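Please read the structure below before turning to the comments.
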Amino acid sequence: MINRRRILSVLGALPAAGLAYQSPTPAKAAGHLPQRVLGRTGRWVVPYAFGGQASVQRTPDGIDPVDIVVRAVEQGINYLDTANGYGPSQVNFGQAFRRLKLRPHETGYDAALRERIFLATKTGRRFAHAPGVAGPTAVEELRRSLTQMFGDGEGFIPEGAYLDSIQIHNLSTMEQVEQVYQGYNERGGKMPEQIGALAALIDYRDGTNYTGLNPERKKWVRHLGITGHLSSPVLMNAIQRDTGDHLDTMLIALNANDRAYGAHQYNAIPAARAKGMGIIAMKIFSDGTFYGKEARFSRNAADTYVQVGKAGAVDAADLVRYPLGVAGVSCAIVGIGKIDRANAEKDQLVTNMTAALDGTVSDSEMLAIEKRVRARHGLDTNYFQDRHGLKQPTDVKAVKDGDRVRVTWQTAFAGAEPIRTYDILAGGKKLASVPFRPQLTLEPLEFFVPAAEAGNGEIRVVAVA
8 MINRRRILSV
18 LGALPAAGLA
28 YQSPTPAKAA
38 GHLPQRVLGR
48 TGRWVVPYAF
58 GGQASVQRTP
68 DGIDPVDIVV
78 RAVEQGINYL
88 DTANGYGPSQ
98 VNFGQAFRRL
108 KLRPHETGYD
118 AALRERIFLA
128 TKTGRRFAHA
138 PGVAGPTAVE
148 ELRRSLTQMF
158 GDGEGFIPEG
168 AYLDSIQIHN
178 LSTMEQVEQV
188 YQGYNERGGK
198 MPEQIGALAA
208 LIDYRDGTNY
218 TGLNPERKKW
228 VRHLGITGHL
238 SSPVLMNAIQ
248 RDTGDHLDTM
258 LIALNANDRA
268 YGAHQYNAIP
278 AARAKGMGII
288 AMKIFSDGTF
298 YGKEARFSRN
308 AADTYVQVGK
318 AGAVDAADLV
328 RYPLGVAGVS
338 CAIVGIGKID
348 RANAEKDQLV
358 TNMTAALDGT
368 VSDSEMLAIE
378 KRVRARHGLD
388 TNYFQDRHGL
398 KQPTDVKAVK
408 DGDRVRVTWQ
418 TAFAGAEPIR
428 TYDILAGGKK
438 LASVPFRPQL
448 TLEPLEFFVP
458 AAEAGNGEIR
468 VVAVA
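Quick note on my numbering: the sequence shown kicks off at 8 and runs consecutively.
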């Protein structure tokens with residue numbers, strides 16, 4: 008349990024005589040907070056990140072969503088997350104940025120503060136150009152993000168406005184991955200009639216016009232990423248297709264019940280880490296189901312949780328710390344229901360942030376947190392995540408190559424335990440035990456065994472956890 012003294016101590020603002028807590032300036036706050044590198048973006052981020060849902064999207068009566076965003080920046084949080092699909096969230100960010108002097112065309116623009124912030128939004132659109140497909144395109148949503156957060160909300164985008172990242176939102180099926188990648192391999196040549204989101208967003212990152220969709224050669228975004236809740240295999244397929252290493256980040260669901268499902272921490276996360284991607288955790292409170300909300304996506308303000316923790320529930324500090332113990336995770340985003348500038352102990356943002364900055368989490372602590380969550384909240388919390396055990400390799404092939412046999416296979420998927428090895432078997436005999444490694448391209452994994460040992464029978468590859 009985190010008390011007031013610990014809150015103020017961790018945030019570097021412990022008063023000498025028990026005075027009321029005062030928010031530091033963003034510059035002062037940023038100077039004393041621990042940070043982690045966000046993969047190959049090279050950016051350093053505070054491990055506690057701010058999510059633009061909860062009250063910033065679904066606002067209960069009596070709560071100022073704009074002040075919540077302002078307070079996050081005041082506390083030194085520098086990874087901010089929102090999305091086109093989050094209702095008024097981007098507009099609320101824009102109003103907060105006006106208060107914080109983060110809009111480049113307005114008097115007093117604080118360019119140094121803007122550079123410290125990593126601002127990420129999302130587009131749920133799979134295409135950048137798709138005649139006959141209803142709804143806005145990914146490029147139109149990019150423009151919408153910029154005008155809502157930095158312009159007038161009506162289309163005006165000021166010179167100097169940019170996003171640190173735009174992510175392709177909630178990839179859930181292989182079909183969606185196919186759509187997003189249309190035109191990716193054709194950049195620089197003849198583009199197909201339908202152009203996926205990724206090819207065009209690369210143009211808006213690089214200031215190029217290979218897709219024909221960026222005629223003014225705007226450079227409006229610095230990094231690209233993907234997000235997902237449901238399926239590690241889907242996210243891994245998206246990573247494998249990215250032959251040009253254009254995807255710099257992955258935002259993924261990760262909480263203390265992860266291993267009861269298709270564990271992202273043993274599947275998509277190791278693949279993204281091996282690719283050098285920055286990894287951001289989300290759904291650490293399971294969208295409120297750890298606090299009694301029905302296991303479904305939140306719908307309205309009544310679903311927004313505004314307390315700090317809950318009697319009888321697992322300590323909120325443990326839920327915050329858990330995902331930060333997973334190798335490769337740079338930060339964890341949390342949506343905020345309520346802040347309290349007069350009492351830090353009742354301020355969700357400050358108490359959660361204190362937990363996130365409260366040292367490392369050991370493997371034994373993580374296991375203990377998992378046990379407490381299962382005992383108090385059960386296993387049916389992650390409604391947004393596929394549940395499966397160990398899935399064995401597919402498409403196993405063996406081709407003789409002189410005095411050896413080339414064995415190939417498509418990756419296995421871990422269940423509750425990480426995959427340790429791939430055992431190559433022939434005729435009931437183990438020919439080799441190959442240490443597990445993530446499959447980073449669509450090309451299969453491979454291993455060579457002596458032809459004399461392989462014989463003429465069937466060769467199998469078995470994943471061992």
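C-beta: ideal position from N, C-alpha, C; glycine also.
Only a predicted model underlies this, so the values are computations on that prediction, with no experimental measurement involved.
Per-residue DSSP class, three states only, for residue i
{"i": "F391", "result": "coil"}
{"i": "L21", "result": "For L21, the predicted model reports a pLDDT of 40, less than 50, meaning its position is unreliable; a value from the coordinates is still stated below. Three-state DSSP puts L21 in coil, outside helix and strand."}
{"i": "D159", "result": "coil"}
{"i": "T415", "result": "strand"}
{"i": "L153", "result": "helix"}
{"i": "N85", "result": "coil"}
{"i": "H358", "result": "At residue 358 the sequence reads Thr, which differs from the His that was named. In this structure, T358 counts as helix in the three-state DSSP scheme."}
{"i": "R266", "result": "helix"}
{"i": "L120", "result": "helix"}
{"i": "M243", "result": "helix"}
{"i": "I75", "result": "helix"}
{"i": "Y188", "result": "coil"}
{"i": "D325", "result": "helix"}
{"i": "K404", "result": "strand"}
{"i": "A318", "result": "coil"}
{"i": "H39", "result": "helix"}
{"i": "F134", "result": "strand"}
{"i": "V336", "result": "strand"}
{"i": "T256", "result": "strand"}
{"i": "L452", "result": "strand"}
{"i": "F292", "result": "coil"}
{"i": "A56", "result": "strand"}
{"i": "A27", "result": "Reliability fails at A27, whose pLDDT of 44 lies under 50, so the model's placement of it is uncertain and no value is given."}
{"i": "F473", "result": "This structure gives no information on residue 473, because the portion of the chain shown stretches from 8 to 472."}
{"i": "K353", "result": "helix"}
{"i": "I209", "result": "helix"}
{"i": "V368", "result": "coil"}
{"i": "P445", "result": "coil"}
{"i": "P457", "result": "strand"}
Identity of the residues DSSP links to residue i by a beta bridge
{"i": "A174", "result": "Before going further, note that residue 174 is Gln rather than Ala in the sequence given. K129 and G232."}
{"i": "R467", "result": "L432"}
{"i": "S440", "result": "D430"}
{"i": "W51", "result": "V44"}
{"i": "K398", "result": "F420"}
Candidates the options, of which the one nearest residue i by Cα
{"i": "K317", "options": "P72, Q355 and S337", "result": "Q355"}
{"i": "I173", "options": "R43, E113, S371 and A145", "result": "A145"}
{"i": "Y169", "options": "G219, E147, V184 and P111", "result": "P111"}
{"i": "A423", "options": "H39, Y273 and A127", "result": "Y273"}
{"i": "E200", "options": "T180, L231 and V140", "result": "V140"}
{"i": "A308", "options": "G49, D71 and T401", "result": "D71"}
{"i": "L447", "options": "V471, W227 and A419", "result": "A419"}
{"i": "S293", "options": "Q392, G366, A204 and E352", "result": "Q392"}
{"i": "T66", "options": "P95, V52 and Q82", "result": "P95"}
{"i": "W227", "options": "L149, M257 and G235", "result": "L149"}
{"i": "S371", "options": "F100, D252 and D325", "result": "D325"}
{"i": "D408", "options": "S369, P445, V456 and E161", "result": "V456"}
{"i": "Y188", "options": "R212, K436 and I233", "result": "I233"}
{"i": "K225", "options": "L261, Y191, I164 and G235", "result": "I164"}
{"i": "L167", "options": "R467, A263, R229 and T180", "result": "Going by the sequence as given, residue 167 is Gly instead of Leu. Closest option to G167, Cα to Cα, is R229."}
{"i": "G196", "options": "Y217, S179 and T180", "result": "Y217"}
{"i": "N264", "options": "R383, G219 and R248", "result": "R383"}
{"i": "G295", "options": "A279, A323, P277 and A275", "result": "A323"}
{"i": "Q64", "options": "Q42, Q82, Q97 and K282", "result": "Q97"}
{"i": "V471", "options": "G251, K404 and G396", "result": "G396"}
Cβ separation of residue i and residue j, assumed to be a contact under 8 angstroms, to the nearest whole Å
{"i": "R331", "j": "A375", "result": "The sequence shown places Leu at residue 331, not Arg. Wrong, their Cβ atoms sit about 15 angstroms apart, outside the cutoff."}
{"i": "V241", "j": "V184", "result": "6 angstroms"}
{"i": "M284", "j": "G46", "result": "5 angstroms"}
{"i": "D410", "j": "A458", "result": "5 angstroms"}
{"i": "A344", "j": "T311", "result": "Here residue 344 turns out to be Gly, not Ala, going by the sequence shown. Correct: roughly 5 angstroms between the Cβ atoms."}
{"i": "A433", "j": "G464", "result": "6 angstroms"}
{"i": "A135", "j": "I175", "result": "In fact, because the Cβ distance is near 11 angstroms, the residues do not count as touching under 8 angstroms."}
Proximity test, residue i beta-carbon vs the ligand GTP heavy atom, cut-off 8 angstroms
{"i": "R411", "result": "As far as ligands go, the structure on display features none, and thus does not contain the ligand GTP."}
Chain B within 9 angstroms of residue i, Cβ atoms only
{"i": "G464", "result": "Although the question refers to chain B, the structure presented lacks it and comprises just one protein chain."}
Taking 8 angstroms as the threshold, find out whether the segment 130-141 comes into contact with the segment 69-88 through three or more Cβ pairs.
no
Touch check for the segment 452-460 and the segment 410-420: three-plus C-beta pairs under 8 angstroms?
yes
So, does the segment 423-442 touch the segment 300-307, judging by three or more C-beta pairs under 8 angstroms?
no
Within the chosen definition, does the segment 265-275 reach the segment 206-223 through at least 3 CB pairs nearer than 8 angstroms?
no
Using a Cβ distance threshold of 8 angstroms, determine whether the segment 113-125 contacts the segment 373-390, with at least three qualifying pairs required.
no
If contact is defined by three or more beta carbon pairs under 8 angstroms, each pair taking one atom from either stretch, is the segment 287-296 in contact with the segment 322-331?
yes
How about the segment 53-60 and the segment 82-89: do they share at least three Cβ pairs that are nearer than 8 angstroms?
yes
Within the chosen definition, does the segment 58-68 reach the segment 88-97 through at least 3 CB pairs nearer than 8 angstroms?
yes
Would the segment 247-257 count as touching the segment 347-361 if we require 3 or more Cβ pairs under 8 angstroms?
no
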